[in-house]
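Participant: For reference, the structure I am asking about is given below.
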């Protein structure tokens with residue numbers, strides 16, 4: 038990971054967090070450009086991601102920080118964090134280990150709207166049970 042060019046406080050000050058204290062974050066594979074997933078980050082998640090070089094998000098359903106791969110081992114190493122022109126969306130360029138989606142697919146964007154309706158365009162490469170120990 039490249040060092041953060043600005044002190045953390047100025048990076049956080051540049052972000053336009055929602056009323057809930059969140060900002061959307063898109064994870065993209067740094068070398069292929071593949072869009073992997075979208076998640077939410079709060080100030081703490083952004084700070085931890087920049088400090089550790091490992092993607093950390095805020096889980097709205099769990100109400101706490103979610104360190105990508107903490108359960109599945111499918112971690113995202115941060116290559117670069119980018120901020121959009123309005124400061125209200127983040128782009129995380131990452132090096133994804135394994136799959137990004139909890140469904141066992143490489144990307145969470147595995148469905149496409151087609152004339153015939155919503156179509157799955159990617160199959161799971163690993164079973165969710167194998168990722169999360171279900172059985």
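In the working numbering, the protein residues as written are 38 to 172.
Beta carbons are placed, not taken as given, at the ideal position from N, Cα and C, and that holds for glycine.
(1) Please find out if some non-hydrogen atom of the ligand MG comes closer than 7 Å to the beta-carbon of residue 66.
(2) Go through its chain and collect everything with a Cβ distance to residue 131's Cβ below 8 Å, but skip five positions before and after it.
(3) Terminal residues of the continuous alpha helix (DSSP H) containing residue 45?
(4) So within the segment 58–122, which uninterrupted beta strand (DSSP E) runs reach at least 3 residues, ignoring any that extend past its ends?
(5) Have a look at residue 79 and residue 95 and give me their C-alpha separation to the nearest angstrom.
(6) Less than 7 Å between C-beta atoms, sequence neighbours within five positions excluded: which residues of the same chain meet that for residue 82?
(7) When the Cα of residue 157 is compared with those of 148, 59, 144, which residue comes out closest?
(8) Within the same chain, show all residues whose beta-carbon is closer than 8 Å to that of residue 42, passing over the 5 residues directly before and after it, in chain order.
(9) Just grab the DSSP bridge partners of residue 149 for me.
(10) Could you check what DSSP says for residue 130 in three-state terms: helix, strand or coil?
(11) Exposed or buried, residue 129, counting other C-beta atoms within 10 Å across all chains shown (16 or more means buried)?
(12) Leaving out the 5 sequence neighbours to the left and right, which residues in its chain are closer than 8 Å to residue 53 when beta-carbon positions are compared?
Facilitator: Looking at the coordinates:
(1) Although the ligand MG was asked about, the structure shown includes no ligands whatsoever.
(2) 64, 65, 66, 67, 73, 92, 113, 114, 115, 116
(3) 45–50
(4) 60–66, 72–78, 93–96, 101–104, 113–120
(5) 6 Å
(6) 93, 94, 95, 102
(7) 148
(8) Confidence is the limiting factor: at residue 42 the pLDDT is only 47, short of 50, which leaves the residue's position unreliable, though a coordinate-based value still follows. Closer than 8 Å at the Cβ level, and outside the excluded window around residue 42, lies no residue.
(9) 156
(10) strand
(11) buried
(12) 60, 123, 124, 125
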